[in-house]
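Residue numbers (the numbering used here): 206 to 675. C-beta atoms are modelled at their ideal positions from N, C-alpha and C, and glycine is treated no differently.
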């Protein structure tokens, strides 16, 4: 018999919540734990979990002290910082949206006093993983009762280590199994408190937390660069599409100020003919199983470019279908049916497109490249979307909006000489490529963070002998 299987001579240990009188005598959902002490293997809720001999373990409740509550409405003139359940980012795992609120305006859920280094975990829709470590600038703030506030006994567990453990798949799988309610799923504070926690020695906890924090800081650095280049691109689009590159006087037009030499014409005009195609996509039979020809869908351009990993596949398309719907380099896929935040998103075909077909719910817009540079047009669409042009011309229905081909053909756009279009597209392309590079770096770092989180929390990689110079 495997030494990981339940043995009759090994008792099941139900962890108790010391320090929380209301939970004395056991918890509502205690993890059942058994050990083979020679191997120091632990079975938590029926699943094996190996930890080093030098590590201990406990319930979370055994390593935290009870946090206090405070009613800010008792001081109506006092301003306080409020952290509601939407204030925590589930990608950066930080508090990003604390708001200043008068006591007189405090919501009824504003009750939990938080301090520096508290770990907060949203018990409402817990699988969204809204987890954060309270920074010094929010010391004394008030959090929603939708959070479980964990205040570490630092002689047993370090805040950075506990915070990191709450992000793990192991912890979140257990919490997901305890959700109650279909329309408003939630767990209780006691579910969090009763959860099992591995406990390396404090020096090793400190090293684990430091390594993971270092990667998170690198991710944040990439985020700041992405935000800066994105804002710079917005400003540059405004300047280039209203002033151009030739230092010439501006003129007032139906779409606002543009350089004097630029024409303002409808996208679908015939003289000059700006487009060679505008059409809806292929609606034939498709599958998620890989085939020779992939088919675009709304999600294909969800990130603002054509993502070849987010496609379906055409089932035996005919040669006439392939000829009609095959995407060419420079073709623009335009989201003309979508929710308001995504309406008008685009992706432009770059590089190899020999087996990608244009699918439904996206307009294909093909520029006449003799007079209209498709990359110039794509950046113009991005600027129009930023300004709210597409929202202003759409038709609305329940949960989505749409722009028909007639409205797209009637869309007025500025058209400089082709050489200036190319220069504008090149200038904006430099910033777009810089942003894309930093997004790729961020993605690599995010993958590294999750890999390290798994390795370190499962003791697959040990750092207890690692020297860390701060």
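* Kindly identify the DSSP beta-bridge partner or partners of residue 307. => Counted from its first residue, the chain shown places residue 307 at position 102. DSSP lists 284 as the beta-bridge partner residues of residue 307.
* Asked: What distance in whole Å lies between the Cβ atoms of residue 562 and residue 498, which are believed to be in contact at a cut-off of 8 Å?
  -> Translated into positions along the chain shown, residue 498 becomes position 293. Translated into positions along the chain shown, residue 562 becomes position 357. With 8 Å as the limit, residue 498 and residue 562 qualify as a contact, their Cβ atoms being about 5 Å apart.
* To do: Just mark residue 524 as buried or exposed, buried being the case when its beta carbon has 16 or more other beta carbons within 10 Å.
  => Taking the chain shown and counting its residues from 1, the one referred to as residue 524 is at position 319. Burial is judged here by how many other beta carbons sit within 10 angstroms of a residue's own beta carbon; residue 524 has fewer than 16 and is exposed.
* Asked: Based on Cα-Cα distance, which residue from 264, 268 and 258 lies nearest to residue 249?
  -> For the purposes of this step, residue 249 is taken as residue 44 along the chain shown, with counting starting at 1. Distance from the Cα of residue 249 is smallest, within the candidate group 264, 268 and 258, for 264.
* For residue 408, count neighbouring C-beta atoms within 10 Å of its own C-beta (all shown protein chains included) and say buried if the count is 16 or more, exposed if not. => Within the chain shown, numbered from 1, the residue matching residue 408 stands at position 203. With fewer than 16 other Cβ atoms within 10 Å, it is exposed.
* Below 8 Å CB to CB, which residues in the same chain sit around residue 281 once its five sequence neighbours on both sides are set aside? => To locate residue 281, count along the chain shown from 1; it is residue 76. So the qualifying residues of the chain are 307, 308 and 309.
* Asked: Going by the beta-carbon positions, is the gap between residue 290 and residue 339 smaller than 8 Å?
  -> Sequence index remark: in the chain shown, residue 290 carries index 85 (1-based). Sequence index remark: in the chain shown, residue 339 carries index 134 (1-based). No; because the gap between Cβ atoms is not below 8 Å, this pair is not in contact.
* **C-beta contact flag for residue 638 and residue 578 at 8 Å** => Taking the chain shown and counting its residues from 1, the one referred to as residue 638 is at position 433. Taking the chain shown and counting its residues from 1, the one referred to as residue 578 is at position 373. Their beta carbons are not under 8 Å apart, which means residue 638 does not touch residue 578 by this criterion.
* Can you tell me where the beta strand (DSSP E) with residue 369 in it begins and where it stops? -> As a position in the chain shown, residue 369 is number 164, starting the count at 1. That residue, residue 369, is in no beta strand (DSSP E); its alpha helix (DSSP H) goes 364-372.
* Asked: Is residue 558 helix, strand or coil when you go by DSSP?
  -> Indexing the chain shown from 1 puts residue 558 at position 353. Looking at residue 558 - three-state DSSP - the assignment turns out to be coil, as it is neither helix nor strand.
* To do: Quick one: give me the first and last residue of the beta strand (DSSP E) that residue 572 is part of.
  => Within the chain shown, the letter at position 367 stands for residue 572. Counting along the chain, the unbroken beta strand (DSSP E) around residue 572 starts and ends at 568-572.
* Asked: Which class does residue 512 belong to by DSSP, given the choice of helix, strand or coil?
  -> Position 307 of the chain shown, counted from the first residue, corresponds to residue 512. It is coil, neither helix nor strand.
* Is there at least one non-hydrogen atom of the ligand GTP closer than 7 Å to the beta-carbon of residue 412? -> Looking at this structure, you won't find the ligand GTP or any other ligand, since it has none at all.
* Asked: In this structure, what does DSSP give as the bridge partners for residue 469?
  -> Taking the chain shown and counting its residues from 1, the one referred to as residue 469 is at position 264. When DSSP reads this structure, residue 469 sits in a beta bridge with 619.
* Can you tell me which of 428, 370 and 386 puts its alpha carbon nearest to the alpha carbon of residue 401? => Here residue 401 is taken as the residue at index 196 of the chain shown, counted from 1. The option with the nearest alpha carbon to residue 401 is 370.
* residue 374 to residue 438, Cα distance in whole Å? -> The count along the chain shown starts at 1 and reaches residue 374 at position 169. The count along the chain shown starts at 1 and reaches residue 438 at position 233. Distance between the alpha carbons of residue 374 and residue 438: 37 Å.
* On the three-state DSSP scale, how would you describe residue 428? -> Stepping through the chain shown from its first residue, residue 428 is reached at position 223. Residue 428 falls in the helix class under three-state DSSP.
* **Sequence-distant residues of its chain with Cβ nearer than 8 Å to residue 575 (five each side left out)** => Taking the first residue of the chain shown as position 1, residue 575 is located at position 370. Annotation for residue 575: 623 place their beta carbon closer than 8 Å to its own, counting only its chain and skipping 5 residues before and after.
* Between 510, 514 and 379, which lies nearest to residue 494 when the distance is taken from Cα to Cα? -> Within the chain shown, numbered from 1, the residue matching residue 494 stands at position 289. Taking the Cα of residue 494 as reference, the smallest distance to any Cα among 510, 514 and 379 is reached at 514.
* Asked: Rounded to a whole number of angstroms, what is the C-alpha to C-alpha distance between residue 460 and residue 630?
  -> One-based indexing of the chain shown puts residue 460 at position 255. One-based indexing of the chain shown puts residue 630 at position 425. Cα-Cα distance, rounded: 20 Å.
* Where residue 550 falls, given that 16 or more other Cβ within 10 Å makes a residue buried -> The count along the chain shown starts at 1 and reaches residue 550 at position 345. Buried.
* Whole-number beta carbon distance between residue 292 and residue 356, since they are thought to touch under 8 Å -> Counted from its first residue, the chain shown places residue 356 at position 151. Counted from its first residue, the chain shown places residue 292 at position 87. Not confirmed; about 19 Å, so no contact.
* To do: Express the C-alpha separation of residue 621 and residue 477 in angstroms, rounding to a whole number.
  => Within the chain shown, numbered from 1, the residue matching residue 477 stands at position 272. Within the chain shown, numbered from 1, the residue matching residue 621 stands at position 416. If you take the alpha carbons of residue 477 and residue 621, they lie about 12 Å apart.
* Asked: Which one of 452, 468 and 642 has the shortest CA to CA distance from residue 458?
  -> Within the chain shown, the letter at position 253 stands for residue 458. Of 452, 468 and 642, the residue nearest in Cα terms is 468.
* Asked: For residue 228, which residues from the same chain have a beta carbon less than 7 Å from its beta carbon, with the 5 sequence-adjacent residues on both sides left out?
  -> In the chain shown, residue 228 corresponds to position 23, counting from 1. Confidence is the limiting factor: at residue 228 the pLDDT is only 39, short of 50, which leaves the residue's position unreliable, though a coordinate-based value still follows. Excluding positions up to five away in sequence, the list reads 222, 266, 395 and 398.
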